[in-house]
Each structure stands twice: as structure tokens, then as C-alpha cells.
Amino acid sequence: MKIIIKDSKSELGSIAAKIGADKIRDAINLRDKANIILATGASQFEMLGNLVKENLDWSKVTCFHLDEYIGLSESHPASFRRYLKERFSEKVKVNNFFFINGNAEPVSECDRLSKIIEQHPIDVAFIGIGENGHLAFNDPPVDFEIEKPYITVQLDDKCRLQQLGEGWFSDIESVPKSAISMSIKQIMKSRSIICTVLDGRKAEAVRRTLYEDISPDIPASILRLHKDICLFLDEDSASQLKK
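The numbering used here applies: residue 321 is where the sequence shown begins, and numbers increase by one.
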């Protein structure tokens with residue numbers, strides 16, 4: 321695992337986007353196409369803002385959506401479909417973007433997306449880590465062995481409080497209790513992972529991810545087993561790491 325720490329969020333986002341874009345470029349050069357995963361949340365603002373400025377042949381890129389709330393309208397400010405359309409797919413013209421429809425019947429939607437992504441090996445996954453150590457919406461304790469690419473999950477209280485704290489909802493009662501999420505195994509199949517984690521509220525999760533035993537109680541700890549991952553931290557999210 322390569323760890324990059326910068327005190328500037330904008331600089332960190334720029335570096336993460338550049339390294340991620342280089343990996344997309346490599347995939348296009350090798351296979352004439354690239355498949356990527358995109359996450360949402362406050363930690364991804366700067367990275368995505370820089371990624372869309374990269375000089376890439378986006379027409380050869382297929383995108384997959386990491387997770388989405390069940391039952392939340394796309395017009396809601398917290399909709400991840402809305403987030404990714406406004407910050408990414410309306411700015412670059414990709415080959416295809418397979419969004420998760422949180423208003424569809426969940427099991428059928430998981431089946432639909434699972435069949436698609438199984439035909440598109442992922443080159444680069446752009447992800448984050450949650451305050452409770454989750455990857456996507458896989459809250460602890462997580463099942464590392466689930467084979468299905470997309471699954472339905474229940475969101476724990478800490479996860480829902482994070483969404484409230486980031487300003488996406490007006491009160492905790494408004495935060496959905498379930499979601500469609502990419503599974504841990506599917507994320508780990510990605511050839512490369514660009515993981516951006518910002519702010520002091522993530523510091524404990526970062527420390528536990530890097531220093532504690534790999535465990536279902538710390539979903540992100542599994543990342544230490546990946547062969548090509550870059551972890552991007554600001555000074556706040558890295559504040560509990562050993563100097």
C-alpha cells in the first residue's frame with residue numbers, strides 16, 4: 321500500500337486524480353478500454369473535480385456506481401446518482417455509466433447490475449473509507465466472503481450519523497436505513513484502488529484500518545491485502561498515525 325499525505329485537500333485531490341487517470345490511461349493503452357468505479361461523499365469532491373479535467377479518451381471508459389440509498393429520489397440532495405451526474409457524467413462523455421437505481425426493486429436491481437459488472441473487469445476503483453471503517457455501504461461487521469457483486473445492506477447508526485453530519489440530510493429520521501452496495505469482494509477485484517480519505521472525523525477509522533488486525537469489524541482493513549492501492553490522506557485524517 322502506498323500512502324500519500326498532504327496538508328492541502330486541493331493538492332491531494334489533484335495527485336489522486338492524476339495517479340488514477342494514469343492507471344485509466346494504462347488500461348486503455350493495453351485493452352483499448354477501461355472500466356472504473358466511482359464513489360461519492362465529501363472526501364471525493366477535490367479528486368472528482370480534478371479527474372474530469374484529465375485529458376483522457378473518456379469514450380473508452382465505462383463507469384460503475386459504488387452504492388446508493390434505497391427509496392431515495394434522484395432529486396434529493398443526498399442522491400448519489402445526482403452527485404455523480406452533477407460532478408462527473410455531465411462533464412465528461414463516457415462510453416457508459418451504470419448507475420444504481422435506488423427506486424427500483426432492490427433484489428432485481430442488484431441482479432441487473434451484478435450481471436453487467438461481471439462482464440466488465442474493473443481497472444480502477446475510486447473509493448473512500450467511512451467513519452465506521454466501512455467500504456461502500458458495507459458496515460461492520462462485514463461479510464468478506466459474499467460473492468455477489470451488488471447486495472442490499474442495512475445501514476448502522478454511525479453510518480447514518482455520518483451522512484447527517486456531512487449535511488446531506490436535515491435530521492437523522494430522514495436518513496435511509498438501507499442501501500444497495502457493491503460487495504467487498506467485488507471492490508477488491510479491482511486491478512487498482514485509489515482511496516481518498518479526508519478530515520479528522522475519519523482519523524480513527526484510518527488508524528484502525530492500518531494498524532489493527534484485518535477484521536470484519538473494520539471492513540477497510542481488508543484493503544491491506546490488495547496488491548495495488550494508493551491511500552490519500554490529509555493531515556487531519558492521518559493525525560492518529562505513527563510519525
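Don't be surprised by glycine CBs; every beta carbon is placed ideally from N, CA and C.
In this text the structure is predicted, and so the values were computed from the model without any measurement.
Separation of residue j from residue i, as counted between CA atoms
{"i": "ALA341", "j": "GLN474", "result": "33 Å"}
{"i": "ALA337", "j": "ILE507", "result": "18 Å"}
{"i": "GLY361", "j": "SER428", "result": "26 Å"}
{"i": "ASP548", "j": "GLU366", "result": "22 Å"}
{"i": "PRO469", "j": "GLY422", "result": "16 Å"}
{"i": "ASP519", "j": "LEU561", "result": "13 Å"}
{"i": "LEU392", "j": "LYS563", "result": "42 Å"}
{"i": "MET502", "j": "HIS385", "result": "8 Å"}
Strand pairing of residue i, partner residues [DSSP]
{"i": "ASP554", "result": "LYS326"}
{"i": "GLN474", "result": "SER498"}
{"i": "GLU388", "result": "ILE500"}
{"i": "LEU455", "result": "ASN458"}
Span of the beta strand (DSSP E), counted from its first residue to its last, around residue i
{"i": "ILE357", "result": "354-358"}
{"i": "ASN564", "result": "The question about residue 564 has no answer here: the residues shown for the chain are numbered 321 through 563."}
{"i": "SER512", "result": "512-517"}
{"i": "ILE447", "result": "444-447"}
Top-ranked residue by Cα proximity to residue i, from the options
{"i": "ILE390", "options": "ASN370, VAL414, SER363, PRO426", "result": "PRO426"}
{"i": "ASN375", "options": "HIS385, LEU484, SER541, LYS343", "result": "LYS343"}
{"i": "ALA523", "options": "ILE466, ILE504, GLY450, SER434", "result": "GLY450"}
{"i": "GLU467", "options": "LEU404, LYS373, ASP431", "result": "ASP431"}
{"i": "ARG351", "options": "ASP477, SER503, ASP554, VAL381", "result": "VAL381"}
{"i": "LEU543", "options": "GLN560, LYS497, GLY520, THR529", "result": "THR529"}
{"i": "TRP378", "options": "LEU371, PHE408, ASN415, ARG402", "result": "ASN415"}
{"i": "PHE408", "options": "ASP556, LEU371, MET321, LYS435", "result": "LEU371"}
{"i": "VAL412", "options": "CYS383, ILE323, LEU455", "result": "CYS383"}
{"i": "ILE447", "options": "GLY485, ILE437, VAL517, VAL526", "result": "VAL517"}
{"i": "PHE587", "options": "GLN482, ARG345, ALA359", "result": "This structure gives no information on residue 587, because the portion of the chain shown stretches from 321 to 563."}
Chain C contact for residue i (CB, 8 Å cutoff)
{"i": "ASN355", "result": "As a matter of chain content, chain C is missing from the structure shown, which is built from one protein chain."}
Endpoints, alpha helix (DSSP H) assigned at residue i
{"i": "ALA525", "result": "523-531"}
{"i": "PHE400", "result": "400-404"}
{"i": "ASP431", "result": "426-437"}
{"i": "GLU366", "result": "365-371"}
Next on the checklist: Three Cβ pairs or more, each shorter than 8 Å: is that satisfied between the stretch 456-466 and the stretch 530-548?
Outcome noted: At 8 Å Cβ cutoff, the stretches touch.
Next on the checklist: Would you call the stretch 436-444 in contact with the stretch 345-358, where contact means no fewer than 3 C-beta pairs closer than 8 Å?
Outcome noted: Between the stretch 436-444 and the stretch 345-358 there are three or more inter-stretch CB-CB distances shorter than 8 Å, so the stretches are counted as touching.
Checklist entry - Taking one C-beta from the stretch 321-339 and one from the stretch 480-497 each time, how about it: are there three or more such pairs within less than 8 Å? => result Between the stretch 321-339 and the stretch 480-497 there are fewer than three C-beta pairs closer than 8 Å, too few to call the two in contact.
Checklist entry - So does the stretch 547-562 actually touch the stretch 501-515, counting three or more Cβ pairs closer than 8 Å? => result Contact annotation: the stretch 547-562 touches the stretch 501-515, with at least three C-beta pairs closer than 8 Å.
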